[in-house]
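Everything below concerns the one structure shown next.
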Amino acid sequence: MSSAYLGMPAFPEAAKDSTKDATLRANLGHATRTIREKRARAVAELDDWAELRAAGKEIKERTLRRLDHYLLQAEAAVTAAGGVVHWAADAAEANRIVADLVRATGESEVVKVKSMATQEIGLNEALAAEGITAYETDLAELIVQLGDDLPSHILVPAIHRNRGEIRDIFAEAMGRWGRPAPEGLTDAPGELAEAARLHLREKFLRAEVAVSGANFLVAETGTLVVVESEGNGRMCLTLPETLISVVGIEKVIPSWQDLEVFLQLLPRSSTAERMNPYTSTWTGTTDGDGPKAFHLVLLDNGRTATLADRVGRQALRCIRCSACLNVCPVYERAGGHAYGSPYPGPIGAILTPQLRGLGTELDASLPFASTLCGACYEVCPVAIDIPEVLVHLREQAVEQGPGHRVEKAAMKAATWLLDHPAALAAAERAASATRALHPRKLPLPGPAKAWTDTRDLPDLPAESFRAWWAEHRDRKDGPA
């Protein structure tokens, strides 16, 4: 995972700070509310949405069960079409492959079409260490890069920025990266888009190498697919002489017929559109058309280990639509940066700990970054049961880590008390007799204080059910 995220605090600590940022909460609240309302309307147009969702799930499940077969089929098809396939076991190997390929061209710059996989492996930082500059061309990714920031959303990486902030970033930073922002730039959306367009055009026209990701990889033909809304992807995929695509091994699907299902599910779930404005497909190389050299880097980086987990492997069905982020009450209030990963929100809470492991405090905290309300499962277009995986990972986190000492002690005491009925009855009598002395909140120290400070203790009745039952169980006419 990207070195940019190393050393970030655990989710509770990061969220404690981000939830105090009124501007962030306003930006997120407005954006996620707008997106989810539009999505709901787009999905409601289809009478067979439930059937499409089930089909997407089954295609992904079938593919994951035979992933080795489809990956080899894809490799053979890409190779036959003139491409070169590279296998990367982890981030370091993927970064080394891409850097070597760029250096072999003699170039020191690359343009990029948005790719979560390259964020995951920290490719930009790795290329910079080799003297190679990567230019982001997606508008939101450009905002993040110019602002020396980190993405906070899968679909809209700069969702935490408002128009005024974006205007300031463009005015201050564009000149350092290329063409400066126009004089007198305002925060009008049209002006901001035009400034980005002019800034990026010079990059596109001189770029000799491009790096992309892919939404899907069709095994039967070796075709890669990118869906996007701006046209920057089309420019990256067609103008440069060399194209390098870094793609997670879970992105493979068996056939073009399967692709039909996902091209209906993805746009409605992500951008609330009936179809994507730009759907680009490419298969190897073709003389006189597009890049002369094509390299496909198939990335594992924890995916094989995730595949081995019968419950956790559901996360590999994800098609990166971000619908789960837009309905999540935790994400809306905490923001994406609190997750310490390029994969924020509910899907990040189950995907990141599996790709990176639960060995750090941050990763072990992510499965707990949820209310388990289930809204994420309801909107997932491939029916990933995120709450089920969260509970599964919480169990692993407790087993592998030191756990919460207070919680463990409380559970141990409760177990003993429930195993000893006489002691339980005595405790109940004592609790009822002293109920007038009970505090409104339980004064616990340390991390538990965050829970008890916001919750009142329930009022105890004057008589326990056990005592009531002992008095009334033999009465023929029932309780008085």
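Note that the working numbering has the sequence shown beginning at -13, numbered continuously upward. Beta carbons: idealized from backbone N, C-alpha and C, even for Gly.
Three-way DSSP call (helix, strand, coil) for residue i in this model
i: Tyr329; result: coil
i: Glu169; result: coil
i: Asp275; result: strand
i: Lys237; result: helix
i: His323; result: helix
i: Ser450; result: coil
i: Ser308; result: coil
i: Glu214; result: strand
i: Leu186; result: helix
i: Lys98; result: strand
i: Ser4; result: helix
i: Ile107; result: helix
i: Cys209; result: It is Thr, not Cys, that sits at residue 209 in the sequence shown. If DSSP states are grouped into helix, strand and coil, Thr209 belongs with the strands.
i: Leu229; result: strand
i: Val283; result: strand
i: His55; result: helix
i: Cys314; result: coil
i: Thr440; result: coil
i: Glu374; result: helix
i: Leu10; result: helix
i: Lys467; result: Residue numbering for the chain in the displayed model covers -13 to 466; residue 467 lies beyond these limits and cannot be assessed.
i: Asp460; result: coil
i: Asp134; result: coil
i: Lys427; result: coil
i: Met(-6); result: coil
i: Leu32; result: coil
Proximity below 8 Å, CB of residue i to CB of residue j
i: Val197; j: Val84; result: yes
i: Glu236; j: Arg289; result: yes
i: Pro175; j: Arg192; result: no
i: Lys2; j: Ala258; result: no
i: Ser266; j: Leu141; result: no
i: Arg153; j: Thr123; result: no
i: Val195; j: Glu93; result: yes
i: Met102; j: Arg306; result: yes
i: Leu203; j: Val247; result: no
i: Val475; j: Ala60; result: The structure shown has nothing for residue 475, since the chain only spans -13 to 466.
i: Tyr264; j: Glu318; result: no
i: His185; j: Arg165; result: yes
i: Ala205; j: Pro168; result: no
i: Thr272; j: Thr91; result: no
i: Ala350; j: Ser4; result: no
i: Ser231; j: Gly199; result: yes
Classification of residue i by the beta-carbon crowding that lies within 10 angstroms, buried from 16 upward
i: Arg19; result: exposed
i: Thr119; result: exposed
i: Ala361; result: buried
i: Arg260; result: exposed
i: Ala26; result: exposed
i: His16; result: exposed
i: Gln250; result: buried
i: Pro328; result: buried
i: Asp460; result: exposed
i: Pro429; result: exposed
i: Glu106; result: buried
i: Lys6; result: exposed
i: Pro425; result: exposed
i: Arg303; result: buried
i: Glu216; result: buried
i: Phe55; result: As written in the sequence, residue 55 is His, which differs from the Phe given in the question. It is exposed - the Cβ of His55 has fewer than 16 other Cβ atoms within 10 Å.
Range covered by the beta strand (DSSP E) that runs through residue i
i: Glu122; result: 119 to 122
i: His72; result: 70 to 74
i: Leu203; result: 202 to 204
i: Ser266; result: 264 to 268
i: Ala196; result: 195 to 198
Alpha helix (DSSP H) segment containing residue i, residue limits
i: Phe354; result: Looking at the DSSP string, Phe354 is not in any alpha helix (DSSP H), and its letter there is neither H nor E.
i: Val247; result: 242 to 256
i: Cys362; result: 361 to 365
i: Ser418; result: 407 to 419
i: Ala90; result: 77 to 91
i: Gly288; result: Here Gly288 belongs to no alpha helix (DSSP H), and DSSP marks it neither H nor E.
i: Gly151; result: Note that residue 151 corresponds to Glu in the displayed sequence, not to Gly. Residues 149 to 163.
Between the CA atoms of residue j and residue i - distance to the nearest angstrom
i: Lys189; j: Glu158; result: 19 Å
i: Thr357; j: Thr207; result: 42 Å
i: Leu50; j: Leu293; result: 8 Å
i: Asn218; j: Val99; result: 7 Å
i: Ala0; j: Leu352; result: 11 Å
i: Glu347; j: Cys366; result: 28 Å
i: Arg296; j: Gln382; result: 14 Å
i: Gly331; j: Ala453; result: 47 Å
i: Leu225; j: Pro277; result: 7 Å
i: Trp73; j: Cys359; result: 39 Å
i: Asn13; j: Leu136; result: 16 Å
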